[in-house]
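For reference, the structure is listed below as structure tokens.
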């Protein structure tokens with residue numbers, strides 16, 4: 250009997266050809282992956298702005314100047330965070346600026362007129378701010394109107410109510426001082442205190458700003474709700490088709506803007522003891538600008554929580570850098586507008602580079 254054996258493989262036999270690489274599945278380079286991050290363009294701009302003012306304004310190099318810049322950025326950035334999340338969800342809130350004033354006036358007038366502990370006014374103001382945000386979101390869902398129109402109406406209502414109600418109770422355009430009322434000192438420690446590092450005082454809002462940014466980043470990247478935000482901002486019909494609660498998500502995002510407005514309003518109230526009823530008009534555009542500079546798209550579905558932090562920091566550097574450089578501050582808005590256009594173009598270029606094969 251003979252034993253059959255398998256033929257030996259010739260050493261010269263050609264190896265099986267490797268599967269051709271498909272550009273769609275190929276590994277992207279590190280540079281491409283970095284460019285895909287929404288905040289990269291803002292980070293590049295922030296470095297450039299810092300180096301520029303560091304060179305042209307000697308006072309800008311002091312630690313006290315950094316404290317002032319961070320304070321300006323924190324007050325802007327605390328509101329820019331929920332506004333950015335709302336923009337990622339595909340909506341705008343043009344009432345965000347005056348909503349800050351509404352919350353502060355609510356707490357101040359209620360506490361003073363009823364001679365109550367200021368904490369009562371603080372909590373009522375929170376409820377009012379959340380209710381305004383919920384109403385904006387509810388009206389948007391029920392009517393299908395663009396958020397631009399819905400919140401423009403809220404902006405006008407709140408602006409008029411701020412002035413009219415303040416005049417009714419105070420016969421003035423500002424609230425009465427609450428500095429000597431019960432609970433004021435404790436509330437001031439929570440919302441408007443300072444702490445020292447190396448002989449330089451920093452506002453507590455800087456800490457809150459960074460904590461809120463970390464929480465927003467975790468929310469976007471590590472939770473189901475974060476996935477919902479991106480989904481409804483990208484395509485709400487597709488999101489609804491896969492079970493995403495579109496209405497609930499949008500209402501929650503508007504309420505987040507209300508919560509941010511409440512917090513900033515409390516900071517302003519307990520920093521200055523009184524509030525001007527006409528404040529806040531126009532700030533809503535600054536919040537949107539910080540978010541856009543930070544990489545959020547006006548069309549929704551794209552952005553991050555770190556981007557608006559960097560955008561607010563750029564705002565703080567520009568607003569204070571112009572002062573430290575002894576320039577005419579009238580040029581600030583022109584400079585800010587130019588930065589917005591440049592940021593939009595840079596973000597567009599970054600996205601194209603990141604998605605190019």
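Numbering (our numbering), first residue to last: 250 to 606.
Here a beta-carbon is modelled for each residue, glycine too, at the ideal position from N, C-alpha and C.
Please read all numbers here as calculations on a predicted model, not as lab measurements.
Compare the beta carbon distance of residue i and residue j with 8 angstroms and say whether it is the shorter of the two.
{"i": "residue 554", "j": "residue 294", "result": "no"}
{"i": "residue 524", "j": "residue 350", "result": "yes"}
{"i": "residue 564", "j": "residue 539", "result": "yes"}
{"i": "residue 359", "j": "residue 347", "result": "no"}
{"i": "residue 314", "j": "residue 574", "result": "no"}
{"i": "residue 291", "j": "residue 509", "result": "no"}
{"i": "residue 312", "j": "residue 445", "result": "no"}
{"i": "residue 383", "j": "residue 500", "result": "yes"}
{"i": "residue 607", "j": "residue 298", "result": "This structure leaves residue 607 out entirely; the chain is present only between 250 and 606."}
{"i": "residue 354", "j": "residue 317", "result": "no"}
{"i": "residue 194", "j": "residue 558", "result": "Any answer about residue 194 is impossible in this case: the structure gives the chain only from 250 up to 606."}
{"i": "residue 302", "j": "residue 566", "result": "yes"}
Over what stretch of residues does the beta strand (DSSP E) that includes residue i continue unbroken?
{"i": "residue 446", "result": "443 to 446"}
{"i": "residue 422", "result": "From DSSP, residue 422 is part of no beta strand (DSSP E); its letter is neither H nor E."}
{"i": "residue 449", "result": "449 to 452"}
Who are the Cβ neighbours of residue i in its own chain at under 6 angstroms, not counting the five residues just before and after it?
{"i": "residue 440", "result": "515, 516 and 519"}
{"i": "residue 403", "result": "344 and 385"}
{"i": "residue 323", "result": "454, 455 and 458"}
{"i": "residue 401", "result": "343"}
{"i": "residue 483", "result": "550"}
Under a Cβ-count criterion, where at least 16 other Cβ atoms within 10 Å of its own Cβ denotes burial, should residue i be classed as buried or exposed?
{"i": "residue 618", "result": "Past the edges of the chain, shown from 250 to 606, lies residue 618, and the structure says nothing about it."}
{"i": "residue 461", "result": "buried"}
{"i": "residue 331", "result": "buried"}
{"i": "residue 487", "result": "exposed"}
{"i": "residue 452", "result": "buried"}
{"i": "residue 607", "result": "Residue 607 cannot be examined here, being either before or after the span of the chain that is shown, 250 to 606."}
{"i": "residue 421", "result": "exposed"}
{"i": "residue 533", "result": "buried"}
{"i": "residue 371", "result": "buried"}
{"i": "residue 578", "result": "exposed"}
{"i": "residue 271", "result": "Bear in mind that the predicted position of residue 271 carries a pLDDT of just 43, short of 50, making it too unreliable to give a figure here."}
{"i": "residue 586", "result": "exposed"}
{"i": "residue 397", "result": "exposed"}
{"i": "residue 498", "result": "buried"}
{"i": "residue 450", "result": "exposed"}
{"i": "residue 469", "result": "buried"}
{"i": "residue 547", "result": "exposed"}
{"i": "residue 537", "result": "buried"}
{"i": "residue 329", "result": "buried"}
{"i": "residue 273", "result": "Only weak support is given to the placement of residue 273: the predicted model assigns it a pLDDT of 41, under 50, and the value that follows is read from those uncertain coordinates. Flag for residue 273 reads exposed."}
Please list, in chain order, all residues of the same chain as residue i whose beta carbon is under 7 angstroms from its beta carbon, the five residues on each side excluded.
{"i": "residue 476", "result": "none"}
{"i": "residue 426", "result": "522 and 523"}
{"i": "residue 495", "result": "481, 485, 488 and 489"}
{"i": "residue 479", "result": "337 and 550"}
{"i": "residue 308", "result": "314 and 573"}
{"i": "residue 589", "result": "538, 541 and 542"}
If you follow the alpha helix (DSSP H) that residue i is part of, which residue opens it and which one closes it?
{"i": "residue 564", "result": "555 to 573"}
{"i": "residue 489", "result": "485 to 490"}
{"i": "residue 320", "result": "312 to 337"}
{"i": "residue 434", "result": "433 to 440"}
{"i": "residue 533", "result": "532 to 542"}
{"i": "residue 305", "result": "289 to 305"}
{"i": "residue 549", "result": "No alpha helix (DSSP H) holds residue 549; DSSP gives it neither H nor E."}
{"i": "residue 518", "result": "495 to 521"}
Ordered along the chain, which non-local residues of its own chain (more than five positions away) have a Cβ less than 8 angstroms from that of residue i?
{"i": "residue 275", "result": "Because residue 275 carries a pLDDT of 49, less than 50, the predicted location of this residue cannot be relied on, and no value is offered for it."}
{"i": "residue 399", "result": "385, 388, 389 and 392"}
{"i": "residue 591", "result": "294"}
{"i": "residue 556", "result": "287, 288, 291, 333, 540, 542, 543, 544 and 545"}
{"i": "residue 584", "result": "567 and 571"}
Roughly how many angstroms separate the alpha carbons of residue i and residue j, rounded to a whole number?
{"i": "residue 352", "j": "residue 512", "result": "8 angstroms"}
{"i": "residue 526", "j": "residue 424", "result": "8 angstroms"}
{"i": "residue 377", "j": "residue 435", "result": "22 angstroms"}
{"i": "residue 570", "j": "residue 363", "result": "43 angstroms"}
{"i": "residue 438", "j": "residue 432", "result": "10 angstroms"}
{"i": "residue 231", "j": "residue 442", "result": "The question about residue 231 has no answer here: the residues shown for the chain are numbered 250 through 606."}
{"i": "residue 568", "j": "residue 491", "result": "45 angstroms"}
{"i": "residue 379", "j": "residue 304", "result": "44 angstroms"}
{"i": "residue 366", "j": "residue 296", "result": "45 angstroms"}
{"i": "residue 368", "j": "residue 594", "result": "46 angstroms"}
{"i": "residue 357", "j": "residue 535", "result": "25 angstroms"}
{"i": "residue 319", "j": "residue 464", "result": "19 angstroms"}
{"i": "residue 419", "j": "residue 429", "result": "17 angstroms"}
{"i": "residue 576", "j": "residue 381", "result": "40 angstroms"}
{"i": "residue 412", "j": "residue 361", "result": "17 angstroms"}
Residue i: beta carbon under 7 angstroms from a heavy atom of the ligand FAD?
{"i": "residue 443", "result": "Questions concerning the ligand FAD fall outside what the structure shown contains, since it holds no ligand whatsoever."}
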